[in-house]
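Shown next, in structure tokens, is the structure this report addresses.
Number of protein chains: 2
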Amino acid sequence: MDHSPPAEVGMKLEEVDTPALLVDLDAFEHNLDLMAKTVRTAGLRLRPHAKTHKCAPIALQQMARGAVGVCCQKVSEAEALVAGGVTDVLVTNEIVDPRKIVRLAKLAHDARIGVCVDDLNIVEQLGKAARAQKVVLDIYIEVDVGGERCGVPPNERLIEYSARIAAFESLRFRGIHAYQGRAQHIRSIEDRGRAIADSTSKARMAVEILARAGITCEVVTGGGTGTYDLEMQGGIYNELQPGSYIFMDADYSRNELSKASAFQQSLFIYTQIMSVPAPQMVVVDAGLKALSVDSGMPLVHEAPGVVYERASDDHGVLLSKQARQFHLGQKLKLVPGHCDPTVNLYDWFVGIRHERVEVLWPIARGTIS
Amino acid sequence: MDHSPPAEVGMKLEEVDTPALLVDLDAFEHNLDLMAKTVRTAGLRLRPHAKTHKCAPIALQQMARGAVGVCCQKVSEAEALVAGGVTDVLVTNEIVDPRKIVRLAKLAHDARIGVCVDDLNIVEQLGKAARAQKVVLDIYIEVDVGGERCGVPPNERLIEYSARIAAFESLRFRGIHAYQGRAQHIRSIEDRGRAIADSTSKARMAVEILARAGITCEVVTGGGTGTYDLEMQGGIYNELQPGSYIFMDADYSRNELSKASAFQQSLFIYTQIMSVPAPQMVVVDAGLKALSVDSGMPLVHEAPGVVYERASDDHGVLLSKQARQFHLGQKLKLVPGHCDPTVNLYDWFVGIRHERVEVLWPIARGTIS
Chain R
1 MDHSPPAEVG
11 MKLEEVDTPA
21 LLVDLDAFEH
31 NLDLMAKTVR
41 TAGLRLRPHA
51 KTHKCAPIAL
61 QQMARGAVGV
71 CCQKVSEAEA
81 LVAGGVTDVL
91 VTNEIVDPRK
101 IVRLAKLAHD
111 ARIGVCVDDL
121 NIVEQLGKAA
131 RAQKVVLDIY
141 IEVDVGGERC
151 GVPPNERLIE
161 YSARIAAFES
171 LRFRGIHAYQ
181 GRAQHIRSIE
191 DRGRAIADST
201 SKARMAVEIL
211 ARAGITCEVV
221 TGGGTGTYDL
231 EMQGGIYNEL
241 QPGSYIFMDA
251 DYSRNELSKA
261 SAFQQSLFIY
271 TQIMSVPAPQ
281 MVVVDAGLKA
291 LSVDSGMPLV
301 HEAPGVVYER
311 ASDDHGVLLS
321 KQARQFHLGQ
331 KLKLVPGHCD
341 PTVNLYDWFV
351 GIRHERVEVL
361 WPIARGTIS
Chain S
370 MDHSPPAEVG
380 MKLEEVDTPA
390 LLVDLDAFEH
400 NLDLMAKTVR
410 TAGLRLRPHA
420 KTHKCAPIAL
430 QQMARGAVGV
440 CCQKVSEAEA
450 LVAGGVTDVL
460 VTNEIVDPRK
470 IVRLAKLAHD
480 ARIGVCVDDL
490 NIVEQLGKAA
500 RAQKVVLDIY
510 IEVDVGGERC
520 GVPPNERLIE
530 YSARIAAFES
540 LRFRGIHAYQ
550 GRAQHIRSIE
560 DRGRAIADST
570 SKARMAVEIL
580 ARAGITCEVV
590 TGGGTGTYDL
600 EMQGGIYNEL
610 QPGSYIFMDA
620 DYSRNELSKA
630 SAFQQSLFIY
640 TQIMSVPAPQ
650 MVVVDAGLKA
660 LSVDSGMPLV
670 HEAPGVVYER
680 ASDDHGVLLS
690 KQARQFHLGQ
700 KLKLVPGHCD
710 PTVNLYDWFV
720 GIRHERVEVL
730 WPIARGTIS
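Protein chains in written order, with my numbering: chain R, 1 to 369; chain S, 370 to 738.
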């Protein structure tokens with residue numbers, strides 16, 4: 001398969017082939033710097049989530065600004081990141097397939113690798129696989145703090161988990177993973193604050209249960225772009241995992257964010273008008289295969305009164321309040337509805353500065369296993 | 370990037386790595402045969418839509434059963450199909466970017482290439498590009514028959530289009546493309562019948578306008594899996610373009626289909642249970658990056674009472690009416706909500722027969738430009 005980039009370095013923006021995924025480098029670097037500074041100032045560890053970008057060059061930029069490492073969700077993502085030179089990866093997810101467990105353990109030859117658990121038998125399997133590989137894996141117990149997805153409740157059984165982990169020299173108990181995914185897109189700061197107050201108290205409960213048994217949680221990790229500042233203030237988290245802050249998206253733009261979270265939209269879908277069937281309607285070449293609509297339609301950037309009305313596989317229909325605002329062949333920027341699954345549709349980020357292509361970064365798209 | 374397949378030929382089904390895209394080969398071949406027979410019996414041409422599969426080996430199987438060629442939506446798709454040995458490709462879409470037009474013309478050295486137009490200036494550009502390449506392109510005027518996307522209305526201006534096409538020896542006027550995309554998922558046969566009666570009358574109007582000017586539409590092409598039988602009966606279409614019939618999906622399963630359309634579900638997302646946080650809730654490893662939710666959540670295959678409740682980037686949460694129906698590590702089949710954008714997320718089809726991997730077919734995923 002041809003996965004050649006849609007642009008060349010030095011090209012003018014309008015020469016970039018469509019659909020393409022653009023990164024406004026000034027905005028992107030602003031976001032990297034702002035989060036790094038905020039978390040550093042608070043004295044916490046930053047471990048950005050790489051599921052957003054699946055791109056080792058971006059992970060390395062995050063680490064160059066002080067991040068301790070990155071997170072990801074899949075063994076295949078971790079493999080791509082380590083192959084790209086990332087030295088510290090936490091898989092914030094349960095890995096249960098025996099072959100995936102072996103692959104994960106093998107990765108620990110080349111990088112510090114962490115993984116979450118919520119099942120005792122899997123702890124055993126991880127311990128044995130790491131022992132066979134003569135490596136050590138960092139283990140985090142995933143605690144369900146309200147996300148209602150994976151994880152164990154914050155109760156006394158945590159002690160059994162840590163004991164099982166301690167039974168393996170090939171496993172290093174690092175602490176708890178306590179991510180409240182469902183709170184990220186609660187719109188009002190107040191409601192989000194309440195959700196995170198609740199999840200933080202559950203994380204604290206988990207830490208205290210373990211502490212009473214003499215077990216120290218070196219790391220309490222969690223948080224996302226919608227809530228990291230709330231976890232930061234809660235006093236129990238010492239590591240934060242925001243991912244989307246580097247790009248932002250239409251869904252996050254609907255969140256009421258704190259003043260500290262002045263992240264700029266840096267990710268765009270570049271698309272071309274391929275048909276002008278009516279004066280107030282145009283069709284663009286970015287549809288369901290070029291953007292994810294799970295969190296709603298994309299926004300049309302810097303085009304007030306223009307709405308991305310509907311998506312089919314390879315088309316987007318835009319409606320405009322004004323006639324003849326657009327012309328055939330014109331290229332537009334769309335703000336993706338949801339950045340992470342949109343990025344997963346592309347092979348390349350096209351980095352833009354001053355209307356020129358400055359850099360091309362490969363995306364480990366399709367690393368979903 | 371590692372894009373190695375999630376399986377090896379000969380493997381048992383349950384050894385296939387997850388998430389993976391499975392094709393039940395018996396059901397798939399049943400679908401291929403049924404559509405080929407139906408359209409052949411009606412004396413029409415079948416030109417299946419390859420945007421569904423993006424896979425030359427599947428296109429070749431369709432042609433081996435009598436299809437005259439295939440359709441696709443993008444130049445990059447056409448390139449992948451021609452590179453895989455497909456000799457007749459119609460791009461059922463407008464191509465307006467100058468570089469894409471050149472790429473399209475170049476393809477005509479190796480295959481018969483058709484393309485749609487709905488703009489006179491683009492006709493000129495296609496004509497010049499084909500002339501420069503010393504090739505001939507088949508040109509179809511796209512007529513908007515109610516899809517409200519691309520295309521020109523069925524009026525006298527069609528004559529101007531055909532005249533402009535005729536002015537170029539490098540262009541061959543083939544007829545009209547008249548696809549009613551919005552009708553495909555109208556649920557009741559009756560309502561769908563009304564929509565297609567309307568679109569068919571518009572297609573007929575276009576043909577008659579051209580005929581009165583002495584211009585013959587050799588081909589009237591359109592139709593999809595939801596409506597092909599209706600276009601077949603309308604007496605004006607002589608070429609049909611169904612795509613999804615080879616796989617089917619949850620959205621099509623909600624259509625009331627005619628008895629002739631006894632297509633079987635052949636496409637599945639293979640997924641693993643990676644967490645069992647509660648007796649009636651499991652988490653699987655296929656989320657937004659492994660399936661498209663634009664047409665609703667996937668269905669859980671052969672698991673009555675089990676619902677795929679919600680998807681996040683890398684997780685799916687399933688709820689069951691019965692406790693302990695599932696266990697950690699178990700693999701399940703999901704019926705995708707919408708087949709086309711789901712296929713675009715994968716690099717490989719894993720063909721299964723008698724619970725064994727029989728074949729691996731590459732997907733030209735990401736061919737969206």
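No residue lacks a Cβ here, since even glycine has one placed at the ideal position from N, Cα and C.
*May I have the straight-line CA-CA distance separating residue 120 of chain R from residue 678 of chain S, to the nearest angstrom?*
The residue given as residue 120 of chain R occupies position 120 in the first sequence. The residue given as residue 678 of chain S occupies position 309 in the second sequence. Taking the straight line from one Cα to the other gives about 26 angstroms.
*Which runs of the alpha helix (DSSP H) spanning at least 4 residues fall entirely within the region 519-582 of chain S, listed in chain order?*
526-535 and 558-581
*From the DSSP output, which residues share a beta bridge with residue 323 of chain S?*
The structure shown has nothing for residue 323 of chain S, since chain S only spans 370 to 738.
*Helix, strand or coil at residue 308 of chain R [DSSP, three-state]*: Taking the first sequence and counting its residues from 1, one reaches residue 308 of chain R at position 308. Three-state result, residue 308 of chain R: strand.
*Report buried or exposed for residue 529 of chain S, applying the criterion of at least 16 other Cβ atoms within 10 angstroms of its Cβ.*
For the purposes of this step, residue 529 of chain S is taken as the residue at position 160 of the second sequence. Under this definition residue 529 of chain S is an exposed residue.
_Beta-carbon separation (whole angstroms), residue 743 of chain S vs residue 624 of chain S, contact threshold 8 angstroms_ = Absent from the structure is residue 743 of chain S, since the part of chain S shown begins at 370 and ends at 738.
*Quickly, what does DSSP pair residue 349 of chain R with across the bridge? List them, please.*
Here residue 349 of chain R is taken as the residue at index 349 of the first sequence, counted from 1. Its beta-bridge partners are R:21 and R:361.
*asked:* Please classify residue 662 of chain S as buried or exposed, where buried requires at least 16 other C-beta atoms within 10 Å of its C-beta.
replied: Counting from 1 along the second sequence, the entry for residue 662 of chain S is found at position 293. Under this definition residue 662 of chain S is a buried residue.
*Relative to the alpha-carbon of residue 251 of chain R, which residue among R:264, R:298 and R:287 has its alpha-carbon at the smallest distance?*
Position 251 of the first sequence holds residue 251 of chain R. The candidate whose alpha carbon is nearest that of residue 251 of chain R is R:298.
*Listing by chain order, which chain S residues have their CB less than 8 angstroms from the CB of residue 112 of chain R?*
Numbered from its first residue, the first sequence carries residue 112 of chain R at position 112. Result: empty, since nearest Cβ-Cβ is about 21 angstroms, beyond 8 angstroms.
*Please determine if the region 565-578 of chain S and the region 377-386 of chain S are in contact, where contact requires at least 3 C-beta pairs separated by less than 8 angstroms.*
no
*Fully enclosed by the region 99-136 of chain R, which beta strand (DSSP E) runs are 3 residues long or longer?*
112-117
*Spatial distance of residue 518 of chain S from residue 197 of chain R (CA atoms)*: By one-based count along the second sequence, residue 518 of chain S stands at place 149. By one-based count along the first sequence, residue 197 of chain R stands at place 197. Cα to Cα, residue 518 of chain S sits roughly 48 angstroms from residue 197 of chain R.
*Can you tell which of R:22, R:3 and R:15 has its C-alpha closest to the C-alpha of residue 291 of chain R?*
For the purposes of this step, residue 291 of chain R is taken as residue 291 along the first sequence, with counting starting at 1. Ranking the options by Cα distance to residue 291 of chain R, first place goes to R:22.
*Range covered by the beta strand (DSSP E) that runs through residue 650 of chain S*: By 1-based counting over the second sequence, the position of residue 650 of chain S is 281. Element bounds for residue 650 of chain S: 650-653.
*Note down, in chain order, each residue of its chain lying with its Cβ closer than 6 angstroms to the Cβ of residue 103 of chain R, except the 5 sequence neighbours on either side.*
Position 103 of the first sequence, counted from the start, is the residue given in the question as residue 103 of chain R. Contacts found: 75.
*DSSP beta-bridge partners for residue 418 of chain S?*
In the second sequence, the residue the question calls residue 418 of chain S occupies position 49. Answer is S:440, bridged to residue 418 of chain S.
*Closer than 8 angstroms by beta-carbon distance: list the chain R residues that pair up with residue 585 of chain S, in chain order.*
For the purposes of this step, residue 585 of chain S is identified with residue 216 of the second sequence, where counting begins at 1. Here the premise fails: no neighbours, minimum Cβ distance about 25 angstroms.
*Under 6 angstroms Cβ to Cβ from residue 341 of chain R, same chain only, skipping five residues before and after it: list those, please.*
Along the first sequence, read from residue 1 onward, the residue named residue 341 of chain R stands at position 341. So the qualifying residues of the chain are 292.
*Taking residue 694 of chain S as the query, report the chain R residues whose CB atoms sit under 9 angstroms from its CB, ordered along the chain.*
Start at 1 with the first residue of the second sequence, and residue 694 of chain S comes out as number 325. Residues of chain R passing the Cβ test: none, with the nearest at roughly 17 angstroms.
_Contact between the region 716-723 of chain S and the region 403-415 of chain S is defined here as three or more beta-carbon pairs at a separation below 8 angstroms; is this criterion met?_
The region 716-723 of chain S, when compared against the region 403-415 of chain S, does not touch it at the 8 angstroms Cβ threshold.
*By the criterion of Cβ-Cβ separation under 9 angstroms, what are the contact partners of residue 513 of chain S in chain R?*
Counting from 1 along the second sequence, the entry for residue 513 of chain S is found at position 144. In chain order: 277.
*Please name the residues in the region 663-685 of chain S whose beta-carbon is closer than 8 angstroms to at least one beta-carbon of chain R, in chain order.*
663, 680, 681, 682, 683 and 684
*Terminal residues of the beta strand (DSSP E) in which residue 712 of chain S lies*: Reading the second sequence from its first residue, position 343 is the one you call residue 712 of chain S. Unbroken run through residue 712 of chain S is the alpha helix (DSSP H), 708-712; no beta strand (DSSP E).
_Contact criterion: CB-CB distance below 7 angstroms. Does residue 453 of chain S meet it with respect to chain R?_
Position 84 of the second sequence, counted from the start, is the residue given in the question as residue 453 of chain S. Taking Cβ atoms only, chain R never reaches closer than 7 angstroms to residue 453 of chain S, which makes this a no.
*So who's on the other strand from residue 140 of chain R, going by DSSP bridges?*
Walking along the first sequence from the start, residue 140 of chain R turns up at place 140. Note: residue 140 of chain R sits in a beta bridge opposite R:116 and R:175.
_Residue-level contact to chain R via CB, residue 386 of chain S, 7 angstroms cutoff_ = Indexing the second sequence from 1 puts residue 386 of chain S at position 17. Interface residue, yes.
*Whole angstroms is fine: what's the gap from residue 569 of chain S's alpha carbon to residue 507 of chain S's?*
As a position in the second sequence, residue 569 of chain S is number 200, starting the count at 1. As a position in the second sequence, residue 507 of chain S is number 138, starting the count at 1. So the alpha carbons of these two residues sit roughly 22 angstroms apart.
*CB residue 389 of chain S to CB residue 375 of chain S, shorter than 7 angstroms?*
Looking up residue 389 of chain S in the second sequence gives position 20. Looking up residue 375 of chain S in the second sequence gives position 6. Yes; because the gap between Cβ atoms is below 7 angstroms, this pair is in contact.
_Alpha-carbon to alpha-carbon, residue 230 of chain R and residue 681 of chain S_ = Counted from its first residue, the second sequence places residue 681 of chain S at position 312. Counted from its first residue, the first sequence places residue 230 of chain R at position 230. C-alpha separation (whole angstroms): 22 angstroms.
*Which of helix, strand or coil does DSSP assign to residue 314 of chain R?*
Locating residue 314 of chain R in the first sequence gives position 314, counting from the first residue. Reduced to three states, the DSSP call for residue 314 of chain R is coil.
_Quick check: the Cα distance between residue 564 of chain S and residue 631 of chain S, rounded to an integer number of angstroms?_
Counting from one through the second sequence, the residue named residue 564 of chain S turns up at place 195. Counting from one through the second sequence, the residue named residue 631 of chain S turns up at place 262. Going by the C-alpha atoms only, they are around 22 angstroms apart.
*asked:* Between residue 135 of chain R and chain S, is any beta-carbon pair separated by less than 7 angstroms?
replied: Along the first sequence, one-based indexing puts residue 135 of chain R at 135. No, because no Cβ of chain S sits closer than 7 angstroms to the Cβ of residue 135 of chain R.
*Own chain, CB closer than 8 angstroms to residue 323 of chain R, minus 5 neighbours either side, in chain order*: Position 323 of the first sequence, counting from 1, holds the residue named residue 323 of chain R. When the five nearest sequence neighbours on each side are left out, the beta carbons in the same chain lying within less than 8 angstroms of the beta carbon of residue 323 of chain R are those of 279 and 280, in order along the chain.
*Looking at C-alpha atoms only, which residue of R:181, R:83 and R:32 is the closest neighbour of residue 265 of chain R?*
Taking the first sequence and counting its residues from 1, the one referred to as residue 265 of chain R is at position 265. It is R:32.
*Answer with yes or no whether the minimum CB distance from residue 610 of chain S to chain B is below 7 angstroms.*
No chain B is present in this structure, whose protein chains are R and S.
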